[in-house]
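Using the numbering used here, count along the sequence shown one by one with no gaps and you end on 348. Have a look at the structure below before the remarks.
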Amino acid sequence: MIPVKGYAAYDATTSLREFNFERRELRPHDVLVDILFSGVCHSDIHQARDEWGGSIYPMVPGHEITGKVIRVGEHVNKFKAKDTVGVGVMVDSCRQCKPCSIFMEQYCADGMTGTYNNYERDKITMAQGGYSTQIVCDERYVYSISENLDLAGAAPLLCAGITTYSPLMFANVKKGDRVAVAGLGGLGHMAVKFAVAMGAEVTMLSTSASKAQDAKKLGAHHFVLSTDRDAMKKHHSHFDVVVDTISADHNYDVFLKLLDLQGKLLVVGLPKTEPLVDPFELIKNRRSIIGSMIGGTAETQAMLDYCAEKNIVADVEVIPMQKINEAYERMLKNDVKYRFVIDMSSLK
Ligand code: NAP
Ligand code: ZN
Ligand code: ZN
């Protein structure tokens, strides 16, 4: 077994603190990764605090991992020692069902194995995430990252990046499309960068007037304060796509109204309370609501290659592991630009 250091949530209410545990010895297809950076996703908070129910403790969160390969199992040919790699939100799946056969393993019929807060396929071993010094992962779920990308900025691509890239690709966003992004957080700022890179005319919908300047800096062409009813009304039936990245409880109607003919509301935010949907708003303009969960292995690698080509990374504030509890509180107060990333050298 491989001893590693980490930080864990021990229950839903107390602060995260040190947790030492072991990773499995390498199987023939495994890769051992020295974790250099680990992004802090709002899903980490939802799960550490059991906001979705069913959390398993002690839980080492973190599913936006970048690092360097230390060594590989005997049958690994995709990677070698010192390669720059990433691990995202899943570390395994059944590999046999229809979604797995087309590399959309996030929709595995038998359930994907999440990077943490999940049991491995043996249903006994706890999967533990990136707030730790090393991880062992089957090569299928490890991604190659260009050495040209900043590794701290690249970490959030593994969740915030792929989660916004995938639905934008699915909606076939292209030059000239009118795209709105609701919520300027970790996912939202990546959605803006991708939609801009895809050639769309991008509008930021935010509850924070103070973020208007930043939205423009990120490339958004327009900014609308989503709490301003009149401003929102001016945009009724205006957009081809609205990406909803909001982490807190809210209803979908306010965004449905903004959709033009056959417009799509792409839902990625995961608040705990079910939102209200008015069917009359849904049938108007033949609007649709489309949910999307991260991305499969093939699309995640394609997204990382796209980011390398266009030099896209997240805007990050790098923190030591010891500041994680403060970082959670700041995220809840909307005080992060726009992703915390843990420098794992702080734990080594
Ligand atoms: P985040 O960085 O905390 O950003 C969330 C944003 O939501 C905030 O910046 C804020 O933007 C907006 N917001 C917060 N409270 C709000 C409120 N009361 N009313 C309206 N807007 C509010 O979170 P994140 O890491 O981007 O994650 C966003 C959501 O996506 C979370 O629920 C997360 O679990 C989920 N997620 C889903 C997937 C997936 O596969 N579908 C993957 C990863 C994460 P403004 O200040 O601009 O309003
Ligand atoms: Zn995430
Ligand atoms: Zn499967």
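Beta carbons: idealized from backbone N, C-alpha and C, even for Gly.
Return the chain-ordered list of same chain residues with a C-beta closer than 6 Å to the C-beta of residue i, the five sequence neighbours on each side being excluded.
i, result
"Pro58", "Ala8, Tyr10 and Phe19"
"His42", "Ser247"
"Gly269", "Asp244, Thr245, Ile246 and Ser247"
"Asp249", "Pro271 and Thr273"
"Asp278", "Asp253"
"Met321", "Tyr7, Ile342, Ser346 and Leu347"
"Met104", "Gly296"
If you draw a straight line from the C-alpha of residue i to the C-alpha of residue j, how long is it?
i, j, result
"Gly111", "Cys94", "8 Å"
"Lys337", "Lys80", "34 Å"
"His221", "Ser55", "40 Å"
"Gly6", "Tyr131", "6 Å"
"Leu332", "Lys272", "15 Å"
"Pro156", "Glu25", "27 Å"
"Thr245", "Ile2", "37 Å"
"Ile124", "Tyr306", "37 Å"
"Glu147", "Ile135", "20 Å"
"Met169", "Lys310", "16 Å"
"Ser208", "Glu22", "42 Å"
"Ser206", "Leu276", "20 Å"
"Val242", "Lys284", "15 Å"
"Lys234", "Val192", "21 Å"
"Val4", "Thr133", "6 Å"
"Arg229", "Leu265", "19 Å"
"Ala212", "Asn334", "14 Å"
Is the closest heavy atom of ligand 1 to the C-beta of residue i under 7 Å?
i, result
"Gly183", "yes"
"Gly188", "yes"
"Met331", "yes"
"Leu256", "no"
"Thr245", "yes"
"Val268", "yes"
"Val248", "Sequence inspection shows Ala at residue 248; the Val mentioned does not correspond to that position. Ala248: yes, Cβ under 7 Å from ligand 1."
"His221", "no"
"Ser387", "Because residue 387 is not part of the residues shown, which for the chain are 1 to 348, the question remains open."
"Thr113", "no"
"Ser208", "yes"
"Thr163", "yes"
"Lys211", "yes"
Tell me whether residue i, by its Cβ, gets closer than 7 Å to a heavy atom of ligand 3.
i, result
"Ala109", "yes"
"Pro279", "no"
"Gln96", "yes"
"Glu105", "yes"
"Pro99", "yes"
"Ser93", "yes"
Please work out which residues of its chain come closer than 8 Å, Cβ to Cβ, to residue i, disregarding the five sequence neighbours upstream and downstream, and give them in chain order.
i, result
"His29", "Gly73, His75, Val76, Asp138, Glu139 and Arg140"
"Phe239", "Arg178, Val179, Ala180, Thr203, Leu258, Leu259, Asp260 and Gly263"
"Val85", "Val31, Val33, Thr66, Gly67, Lys68, Val69, Phe79, Val142, Tyr143, Ser144 and Ile145"
"Ala231", "Val224 and Leu225"
"Lys216", "Phe223"
Taking 8 Å as the cut-off, decide whether the C-beta atoms of residue i and residue j are in contact.
i, j, result
"Ala195", "Val173", "yes"
"Val89", "His63", "yes"
"Val33", "Ala152", "no"
"Ile289", "Val254", "no"
"Arg121", "Thr115", "no"
"Ala160", "Met126", "no"
"Phe101", "Ile65", "Note that residue 101 is Ser in the sequence shown here, rather than Phe. In this structure, Ile65 does not lie closer than 8 Å to Ser101 by Cβ."
"Ser226", "Ala182", "yes"
"Ala12", "Asp50", "yes"
"Asp214", "Leu184", "yes"
Please return the same chain residues whose Cβ sits closer than 7 Å to the Cβ of residue i, not counting the five positions on each side in sequence.
i, result
"Ala327", "Val40, Ile319 and Phe340"
"Lys82", "Lys68 and Val69"
"Ser15", "Asn325"
"Thr300", "Gly88, Tyr143 and Ile162"
"Leu149", "Cys307, Ala308 and Val313"
"Lys175", "Gly199"
"Trp52", "His46 and Lys272"
"Gln106", "Met90, Met112, Met293, Ile294, Gly295 and Gly296"
"Gln128", "Gly6, Phe21, Val60 and Tyr116"
"Ala197", "Lys310 and Ile312"
- Just the residues with CB closer than 5 Å to a heavy atom of ligand 2, in chain order, which are they? Qualifying residues, in the order they occur: Cys41, Ser43 and Cys159.
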